[in-house]
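> Structure incoming, see below.
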Amino acid sequence: MAVIPVDIAGRPYEVHVGAGLLAELVPLCAGRLRKRRVPVVTDANVHARWGTVVENALHAHGHEAAWRILPPGEVSKSWEQLAATVDWLLAEEVERGDHVLALGGGVIGDLTGFAASILKRGCHFIQIPTTLLAQVDSSVGGKTAINTPAGKNLVGAFHQPSLVLADLAVLDSLPRRELLAGYAEVVKYGLLGDADFFRWCQAHGAAMLAGDARSREYAVSHSVAAKARIVKADERETLGLRALLNLGHTFGHALEAQTGFSDRLLHGEGVALGMVLAARFSARRGLIPAASAEAIASHFAEVGMASEIASLGLDCDGQALVAHMLHDKKMDAGTLPFILLKSIGEAFLAKDVDLGEVAVFLDGELAR
Numbered sequence: 369m370a371v372i373p374v375d376i377a378g379r380p381y382e383v384h385v386g387a388g389l390l391a392e393l394v395p396l397c398a399g400r401l402r403k404r405r406v407p408v409v410t411d412a413n414v415h416a417r418w419g420t421v422v423e424n425a426l427h428a429h430g431h432e433a434a435w436r437i438l439p440p441g442e443v444s445k446s447w448e449q450l451a452a453t454v455d456w457l458l459a460e461e462v463e464r465g466d467h468v469l470a471l472g473g474g475v476i477g478d479l480t481g482f483a484a485s486i487l488k489r490g491c492h493f494i495q496i497p498t499t500l501l502a503q504v505d506s507s508v509g510g511k512t513a514i515n516t517p518a519g520k521n522l523v524g525a526f527h528q529p530s531l532v533l534a535d536l537a538v539l540d541s542l543p544r545r546e547l548l549a550g551y552a553e554v555v556k557y558g559l560l561g562d563a564d565f566f567r568w569c570q571a572h573g574a575a576m577l578a579g580d581a582r583s584r585e586y587a588v589s590h591s592v593a594a595k596a597r598i599v600k601a602d603e604r605e606t607l608g609l610r611a612l613l614n615l616g617h618t619f620g621h622a623l624e625a626q627t628g629f630s631d632r633l634l635h636g637e638g639v640a641l642g643m644v645l646a647a648r649f650s651a652r653r654g655l656i657p658a659a660s661a662e663a664i665a666s667h668f669a670e671v672g673m674a675s676e677i678a679s680l681g682l683d684c685d686g687q688a689l690v691a692h693m694l695h696d697k698k699m700d701a702g703t704l705p706f707i708l709l710k711s712i713g714e715a716f717l718a719k720d721v722d723l724g725e726v727a728v729f730l731d732g733e734l735a736r
């Protein structure tokens with residue numbers, strides 16, 4: 369098992385990465401579960417697959433699970449589910465010193481973390497991510513949020529977990545599409561700041577996706593360590609460093625909005641396409657060679673992911689996609705910074721991008 373510290377000032381915690389962690393849930397929580405009843409927020413799919421494992425792990429140490437089971441998917445990151453979850457936690461008499469378990473992917477982690485941040489002005493929670501995307505990205509760093517009709521993750525709070533338990537065994541049960549969606553966030557760490565890791569992905573990504581245990585532990589632990597370093601340096605995204613973690617997200621969120629935040633385009637799929645677009649836009653501006661941008665697109669295509677937005681069959685133009693970007697959280701005084709590439713392994717925040725140029729670029733991509 370790998371243990372990665374996230375050294376946030378005043379609120380340090382650990383991310384444990386290894387196989388079989390769900391069965392060792394209580395010992396790993398090291399006294400954080402103070403009461404017999406332990407509140408667990410999850411979704412119906414995760415509960416069906418892993419609920420019994422969690423119940424048995426709790427029962428073995430004198431606890432029982434109090435379940436809050438939500439519908440799967442982005443639909444649960446809503447005002448309605450947030451309010452209902454907070455009311456449920458209050459009914460469970462959760463105190464500020466208690467820990468709520470978030471068992472699931474990014475949706476469950478985001479919703480549970482946000483609910484914990486506002487419950488009694490802040491209670492504790494533990495992330496138990498069950499998707500590759502959540503293990504390498506959303507469960508670490510303390511960003512919590514819900515979606516609104518205006519856009520994705522526009523209402524939320526920074527609220528760090530007390531502990532993250534990333535059980536690699538759960539990845540074996542993921543549908544291939546979900547695994548690939550998470551892999552996009554693994555590749556992201558190579559593109560934004562570690563060219564050697566991108567080359568590792570090119571060489572070993574297929575084996576990792578096929579289930580190679582050593583590759584999976586390395587991919588997850590390396591990604592978590594990369595994010596932990598960035599979060600330590602810029603927890604609340606005030607210095608511009610943490611913004612680099614949004615590589616591909618401005619383009620990707622626009623695609624998600626255009627597809628209605630639905631299963632038509634998973635978040636990780638949008639991020640992968642967004643990173644291809646960011647790379648091609650960087651090449652259009654003369655920042656990187658076109659061959660570098662196409663190497664990124666080719667890698668995603670080689671592992672079985674869409675690498676062209678034309679494949680989505682969107683009934684819109686570039687201007688419509690840009691209109692979604694106007695709700696981006698990075699918008700500042702009417703200007704939208706973009707995360708672009710100076711090379712594979714070197715991302716930066718560009719504050720001089722004209723959205724008209726972006727619309728024209730996207731028109732070309734939609735017609736490829």
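First residue of the sequence shown? That's 369 in the numbering used here, and the numbers climb one at a time after it.
We put the beta carbon where it would ideally sit given N, CA and C, even for glycine.
On a predicted model such as this, the values are computed, not experimentally measured, just so you know.
Rank L623, R567, G490 by C-alpha distance to the C-alpha of G681 and give the top, closest one.
Taking only the C-alpha atoms, the option nearest G681 is L623.
> Beta carbon of W568: closer than 7 Å to some heavy atom of the ligand FAD?
This structure lacks the ligand FAD, and indeed carries no ligand of any kind.
> Starting from the Cα of G441, find the closest Cα among A483, D478, A571, H431 and give me that residue.
Comparing Cα-Cα distances from G441 to each of A483, D478, A571, H431, the minimum goes to D478.
> Can you tell me the Cβ-Cβ gap for L559 and I712, rounded? I've got them flagged as a contact below 8 Å.
Yes, L559 and I712 are in contact; Cβ-Cβ is about 6 Å, under 8 Å.
> With DSSP collapsed to three states, give me the class of Q495.
Of the three classes helix, strand and coil, the one that applies to Q495 here is strand, per DSSP.
> Please list the terminal residues of the continuous alpha helix (DSSP H) segment that includes T453.
Per DSSP, T453 belongs to the alpha helix (DSSP H) from 447-459.
> Hey, out of A416, G399, T618, V454, whose CA is closest to R430's CA?
It is Gly, not Arg, that sits at residue 430 in the sequence shown. The option with the nearest alpha carbon to G430 is G399.
> To the nearest angstrom, report how far apart L542 and Q503 are at their CA atoms.
Cα-Cα distance, rounded: 13 Å.
> In this structure, how does DSSP classify K710 when only helix, strand and coil are distinguished?
In this structure, K710 counts as strand in the three-state DSSP scheme.
> Considering Cα atoms alone, identify which of R489, A549, H635, S583 is closest to F565.
Of R489, A549, H635, S583, the residue nearest in Cα terms is S583.
> Tell me whether the stretch 488-498 and the stretch 459-475 touch, counting them as touching only if at least three CB pairs, one residue from each stretch, are closer than 8 Å.
Because the criterion of three Cβ pairs below 8 Å is met, the stretch 488-498 and the stretch 459-475 touch.
> So, are the CB atoms of L393 and L438 less than 8 Å apart?
Not a contact, by the Cβ cut-off of 8 Å.
> Given a threshold of 16 other Cβ atoms within 10 Å of its Cβ, counted over all protein chains shown, does R604 qualify as buried or as exposed?
The residue is exposed, with fewer than 16 neighbouring Cβ atoms inside 10 Å.
> Using DSSP with H/G/I as helix, E/B as strand and the rest coil, what is H431?
Three-state result, H431: coil.
> Taking only three categories from DSSP, how would you classify P439?
Residue state, collapsed to three classes: coil.
> Helix, strand or coil for G672 per DSSP?
Reduced to three states, the DSSP call for G672 is coil.
> Got a sec? Which residues, its chain only, sit under 6 Å from A387 by beta carbon, not counting five neighbours each side?
Only L536, A537 meet the Cβ criterion.
> What residue range does the beta strand (DSSP E) around K520 cover?
K520 -> beta strand (DSSP E) spans 519-526.
> Buried or exposed: which applies to E461, given that a residue is buried once 16 or more other Cβ atoms fall within 10 Å of its Cβ?
Flag for E461 reads exposed.
> What residue range is occupied by the uninterrupted beta strand (DSSP E) comprising K698?
No beta strand (DSSP E) contains K698, which DSSP labels as neither H nor E.
> Where does the unbroken alpha helix (DSSP H) through K719 begin, and where does it stop?
Premise fails: K719 is in no alpha helix (DSSP H) and is neither H nor E.
> Here's the rule: buried if 16 or more other CB atoms are within 10 angstroms of the residue's CB, otherwise exposed. What is D322?
The structure shown does not extend to residue 322, since the chain spans only 369 to 736, so no value can be given for it.
> Taking C-beta to C-beta, are I486 and V523 nearer than 8 Å?
It is not a contact, given that the beta carbons lie outside the stated cut-off.
> Residues in the same chain with beta-carbon distance under 7 Å from T516, minus the five sequence neighbours each way, listed in chain order, please.
Same-chain partners within the cutoff: L522, V523.
> Where DSSP assigns a beta bridge to D411, which residues make up the other side?
Beta-bridge pairing links D411 to L438.
> In chain order, what are the residue ranges of uninterrupted alpha helix (DSSP H) at least 4 long that sit wholly in the stretch 556-623?
Correct list: 563-578, 581-601.
> Are the CB atoms of L655 and L709 within a distance shorter than 8 Å?
Yes, Cβ-Cβ distance for L709 and L655 is below 8 Å.
> Judging by CA-CA distance, which residue of A669, G510, K445 is the nearest neighbour of I376?
The candidate whose alpha carbon is nearest that of I376 is G510.
> Assign G550 to buried or exposed, taking buried as 16 or more other Cβ atoms, counted over all protein chains shown, within 10 Å of its Cβ.
Answer is buried; the Cβ neighbour count reaches 16.
> In three-state terms, what does DSSP make of I376?
DSSP places I376 in coil when its eight states are reduced to three.
> I'd like to check one pair, V532 with V383: are the Cβ atoms closer than 8 Å?
Going by C-beta atoms, V383 is nearer than 8 Å to V532.
> Taking the beta strand (DSSP E) that T512 falls in, what are its first and last residues?
It spans 511-516 - the beta strand (DSSP E) in which T512 sits, taken as one unbroken run.
> What are the start and end residues of the beta strand (DSSP E) that includes V532?
From DSSP, the beta strand (DSSP E) with V532 extends over 531-535.
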